[in-house]
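> Quick one: the structure is below, questions incoming.
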Amino acid sequence: MGAMSRTKGKVGEREIAALLAELTGCDVRRRVRQHDGDSDLEGLPGWCVEVKRHARASRALIAGWWAQAAAQAERHGGIPLLLFRQDRDAWRAVWPLSVNLTMQTAAMWRGYEWTAEGSPKAWAAVFRETLTTTNQETTP
């Protein structure tokens with residue numbers, strides 16, 4: 102990967118981290134020391150985040166990114182979240198459809214065909230709902 106690509110990726114990670122921090126109220130930050138397979142962002146409890154900035158994002162490319170996000174989430178025990186933005190376009194979020202149904206099934210349906218896609222604002226609503234549901238289940 103060239104220097105321009107790495108810079109574009111870092112800028113994209115910072116941009117979406119700031120947006121998610123604003124939308125969720127969490128302290129979302131770019132993970133500075135990333136190792137292969139680490140989440141790109143930290144500060145979203147229970148979620149493993151992959152961020153992509155690309156000139157064009159075909160469905161096949163997005164499906165590949167999703168496979169990467171799902172694999173790293175499985176390794177780290179989180180729920181996968183893919184955030185991507187094409188040049189001159191808005192950010193998009195992809196998450197497992199099962200999260201919209203119930204947290205108990207979040208480990209199921211990891212394939213791209215079982216995902217929901219929406220704006221970061223739509224995902225943040227799901228995130229807040231999962232936090233509320235999780236807190237209610239753990240509160241006596």
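Counting in our numbering, the final residue of the sequence shown is number 241, and the numbers go up one at a time with none missing. Glycine is no exception: its CB is placed at the ideal position from the N, C-alpha and C atoms. Model, not experiment: these values are computed from the prediction.
(1) Would the beta-carbon of G144 fall within 8 Å of that of R160?
(2) Using only CA atoms, which one of K109, G103, M105 and A104 lies nearest to Q187?
(3) May I ask which residues mark the beginning and end of the alpha helix (DSSP H) holding G212?
(4) Near H177, which residues of its chain fall below 6 Å by C-beta distance, leaving aside the five closest residues on each side in sequence?
(5) Please state whether DSSP places R154 in a helix, a strand or coil.
(6) Does S199 pass the burial test, meaning 16 or more other C-beta atoms within 10 Å, or should it be called exposed?
(7) List the residues that DSSP assigns as beta-bridge partners of F228.
(8) Output the boundary residues of the beta strand (DSSP E) element that contains A194.
(9) DSSP on Q169, reduced to helix/strand/coil?
(10) Using the three-state DSSP reduction, which class does L182 fall into: helix, strand or coil?
(11) Does DSSP classify G219 as helix, strand or coil?
Taking the coordinates as given:
(1) Within the sequence shown, residue 144 is the residue found at index 43, counting from 1. Within the sequence shown, residue 160 is the residue found at index 59, counting from 1. Cβ atoms of G144 and R160: not closer than 8 Å.
(2) Position 86 of the sequence shown, counted from the start, is the residue given in the question as residue 187. Measuring from the Cα of Q187, the nearest candidate turns out to be K109.
(3) Translated into the one-based positions of the sequence shown, residue 212 becomes position 111. Unbroken run through G212: none, as it is neither H nor E.
(4) One-based indexing of the sequence shown puts residue 177 at position 76. Closer than 6 Å at the Cβ level, and outside the excluded window around H177, lie C149.
(5) What you label residue 154 is simply residue 53 of the sequence shown in a count that begins at 1. Looking at R154 - three-state DSSP - the assignment turns out to be strand.
(6) Here residue 199 refers to the residue found at position 98 of the sequence shown. S199 is buried by the Cβ-count criterion.
(7) For this step, residue 228 is matched to residue 127 along the sequence shown. According to DSSP, which records beta bridges pairwise, F228 is partnered with nothing at all.
(8) By 1-based counting over the sequence shown, the position of residue 194 is 93. R193 to P197 is the extent of the beta strand (DSSP E) around A194.
(9) Here residue 169 refers to the residue found at position 68 of the sequence shown. Of the three classes helix, strand and coil, the one that applies to Q169 here is helix, per DSSP.
(10) Within the sequence shown, numbered from 1, the residue matching residue 182 stands at position 81. Note: L182 maps to strand in three-state DSSP.
(11) Translated into the one-based positions of the sequence shown, residue 219 becomes position 118. For G219, the three-state secondary structure derived from DSSP is strand.
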